[in-house]
Each structure stands twice: as C-alpha cells, then as structure tokens.
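2 protein chains.
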Amino acid sequence: MSISSRFSVGIHILALIEINKSGISTSEFLAGSVNTNPAVIRKIIGMLKNAKLVKVRPGIAGAELAKELSDITLFDVYKAVNVVQEKELFTVHDNPNPECPVGRHIQNTIEPIFTAAQLAMEKVLRSLTLEDVVKDIATKEKIC
Amino acid sequence: MSISSRFSVGIHILALIEINKSGISTSEFLAGSVNTNPAVIRKIIGMLKNAKLVKVRPGIAGAELAKELSDITLFDVYKAVNVVQEKELFTVHDNPNPECPVGRHIQNTIEPIFTAAQLAMEKVLRSLTLEDVVKDIATKEKIC
DNA sequence: ATTACATGTAATCATGATAATTACAAGTTA
DNA sequence: TAACTTGTAATTATCATGATTACATGTAAT
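Keeping their order, the protein sequence lines are chains A and B. Following the working numbering, the numbering of the first sequence begins with 1 at its first residue and continues without gaps. Following the working numbering, the numbering of the second sequence begins with 145 at its first residue and continues without gaps.
Next comes the structure, spelled out in structure tokens:
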C-alpha cells in the first residue's frame with residue numbers, strides 16, 4: 001500500500017503556482033508540468049480550494065495561492081487532498097473474538113500505538129512549509 | 145489509503161501464541177481469535193516465519209515464537225508482513241515534465257521529505273516490543 | 001449576444017491491492 | 001492407513017487510484 005500521489009501532485013501544483021506567479025496557472029498548464037490530465041488537476045485544485053490554500057473561480061483562468069508560502073505546511077496540503085484519515089493510517093482488523101483475552105483487548109491496545117506512529121509521521125509534515133520546498137527547487141535549479 | 149491489517153493481525157497472532165504458550169496454537173485456533181479464515185493466518189504466519197519471528201513446521205500442529213517477546217519490535221512485525229516498502233509509504237507521481245523547473249526537481253526535493261516522515265513513523269514502531277503489547281493486554285484483562 | 005475558453009463535476013474504465021474462500025498437495029503422528 | 005496440519009495456489013468480491021471523456025456552468029472580449 002502507498003499513500004496516493006494526490007499529495008505529491010498537490011505540492012507540485014502549489015509550488016508551480018508560486019514559481020509561475022507572474023503568469024497564469026491554468027489546469028492545462030499545471031497538467032503539462034505534472035504530466036497528467038487537466039481534469040485530475042482540477043479535482044485536486046478543488047480540494048486545495050476547499051482547504052483555502054488556493055483561489056480559483058469558475059470561468060476565470062488561473063489559480064493563485066490563498067496564503068503566504070511560509071504559511072502553508074506540507075501537513076496542510078496532506079489534509080487538504082485527503083490522502084489519510086485521522087487515526088486511519090493503519091487498519092486494525094475488526095471483529096476479533098471477545099471470548100479470547102487477546103481478541104478482547106487487541107484493538108484498544110493497538111489503537112494508541114498506531115495513532116502515535118501516525119502522529120510522528122505527521123509531525124514531520126507539520127514542520128515543513130511550501131517555502132522550504134520552493135527554496136529547495138530554486139537551489140537545485142541554480143546548481144544545474 | 146490505509147496500511148493493510150496484516151500488521152495488526154500479525155501482532156495479534158504473536159501475542160496470542162505467547163499467551164497460549166502452554167497450549168497449541170494452530171492456524172484454526174488463531175483464526176478463531178482473529179476471526180478470519182485459517183488460510184489467511186497461515187499466509188501471515190508464513191511471512192512471520194520467513195522473518196524468523198516464529199517457528200512452524202509442515203504437518204506439525206502449532207506455531208511458537210522464535211525469539212523472546214522483548215526481542216521482537218513492532219517494526220520487526222511490520223517489516224515481516226510487508227505492508228509498506230522502504231521509502232514507499234508515500235507515492236511520488238512519475239514522469240513530471242523535465243522542461244519545467246518544478247517538474248525537473250520535484251521528485252528529488254520531495255523524496256527525502258517523504259522518507260523522513262516515513263522514518264519518523266517507523267521509529268515509533270521500533271521503540272515498542274511485543275512485550276509491551278502483551279503486558280498491556282494483561283493489564284487490561286485484570287481490570288475487567 | 002455570440003464566440004472562445006476556463007473551471008467544476010460526474011461517469012466510465014483499467015489496474016492493482018486486499019481479504020475471504022475453496023481446494024489440494026505434502027508432511028506428521030497415532 | 002487414517003486423521004489432521006501446514007503450505008500454497010486459484011478464485012472471487014470489493015475498493016481506491018488515476019486517466020479519460022463529456023458537458024454544464026461561468027467569464028470575457030469582440
């Protein structure tokens with residue numbers, strides 16, 4: 001299993017909107033960079049819009065960031081594109097046998113552990129912003 | 145997306161083998177506690193065996209732990225049941241456009257971030273052993 | 001107002017993973 | 001030999017993903 005690429009595509013989209021801020025970032029333009037279908041981009045942009053990370057309007061070409069780059073964490077993007085639900089990174093099997101000591105308690109024992117692991121992962125995402133991403137891209141671009 | 149329940153089932157199996165150590169833990173017995181099909185249990189036990197966490201032999205009823213409880217971390221189980229590959233918790237979209245500054249660098253920029261997030265999650269799993277799980281179950285059992 | 005073009009969104013499709021189930025070969029013990 | 005177990009493959013239903021097509025809706029320029 002793997003977390004949907006909607007997350008990496010969401011980051012790509014936002015970074016490109018920023019880098020292309022002097023131009024107009026249509027879904028077709030963004031799709032050309034991501035290398036996918038414009039409808040896929042519009043779907044993801046719709047999610048970013050619901051999360052108030054981006055401004056887009058029907059009929060008007062182009063998407064813009066709704067916040068400062070440094071105010072958008074990767075966790076914000078992650079939540080926006082809905083790739084992992086709260087406490088559901090891991091699946092705990094359901095209906096274990098309540099007649100058995102292990103079956104009776106396994107869910108309650110495991111759940112906080114899985115939640116802690118998920119939160120540790122998400123903490124890393126909270127610690128980074130799109131500004132970090134864009135700066136890194138800019139650095140790599142200079143070197144090349 | 146969610147990580148396969150093979151992981152929680154694997155933990156369940158190992159904990160139950162320990163708690164039932166005076167008895168014989170056949171795949172049918174374990175399946176009764178997990179509440180699934182014995183063939184599912186045998187599949188997972190096969191993975192735990194490959195990882196040398198468990199001893200089982202064809203034709204001979206029952207599985208036994210191959211290590212001390214405190215020597216089996218949840219990370220060991222997680223790797224054994226193969227639920228997430230190294231560096232592949234997240235998916236990075238492929239074939240971004242190399243003609244675009246963002247498309248050109250996004251993969252190299254994102255990859256270490258995703259890896260760091262995954263490692264943070266896995267660090268939590270490394271910090272806990274089956275002994276912790278079994279002790280927690282025992283405590284809960286006393287309270288009830 | 002008509003034309004051209006953009007976004008929003010639903011429907012369809014192929015693909016791949018999961019988990020349950022069935023079936024049976026092969027090993028073990030009484 | 002009979003009864004039982006593990007090992008494993010094949011089949012199935014279900015679900016998420018991502019690509020694609022289609023079209024309604026919205027905007028702007030002429």
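Positions of the beta carbon are idealized from the N, C-alpha and C atoms, including for glycine. All figures in this text were calculated on a predicted structure; none of them were measured in a lab.
Query                                                                                                       : Result
Cβ pair A/Ile-3, B/Leu-233 closer than 8 Å                                                                  : yes
Within chain A, partners of B/Ile-155 - CB distance below 8 Å                                               : Ile-106, Ile-110
C-alpha distance - A/Lys-146 paired with B/Ala-261, whole-angstrom precision                                : Only positions 1 to 144 of chain A appear in this structure, which leaves residue 146 of chain A out of reach.
Best match in B/Thr-217, B/Cys-244, B/Val-278, B/Val-225 for proximity to A/Gly-103 [C-alpha to C-alpha]    : B/Val-278
Same chain only: Cβ atoms within 7 Å of A/Asn-37, ignoring 5 sequence neighbours per side                   : Ala-31
Members of the segment 200-224 of chain B that neighbour chain A once the beta carbon cut-off is set at 8 Å : Leu-218
Exposure of A/Ala-63, with buried meaning 16 or more beta-carbon neighbours within 10 Å                     : buried
A/Ala-63, DSSP secondary structure in three states                                                          : strand
Per-residue burial, A/Asn-72 [other beta carbons within 10 Å of its own, 16 or more giving buried]          : The amino acid occupying residue 72 of chain A in the given sequence is Ile; Asn does not appear at that position. Buried is the call here.
A/Thr-129: contacting residues in chain B (beta-carbon distance under 8 Å)                                  : Per Cβ cutoff of 8 Å: no residues; A/Thr-129 is ~11 Å from chain B at best.
Chain A contact for B/Met-191 (CB, 8 Å cutoff)                                                              : no
Extent of the continuous beta strand (DSSP E) to which A/Val-81 belongs                                     : That residue, A/Val-81, is in no beta strand (DSSP E); it is neither H nor E in DSSP.
Minimum Cβ-Cβ distance from B/Val-198 to chain A less than 8 Å                                              : no
Beta-carbon spacing of B/His-237, A/Val-83 below 8 Å                                                        : no
Contacts that B/Pro-240 makes with chain A (C-beta to C-beta distance below 8 Å)                            : His-12, Ser-33, Val-34, Asn-35
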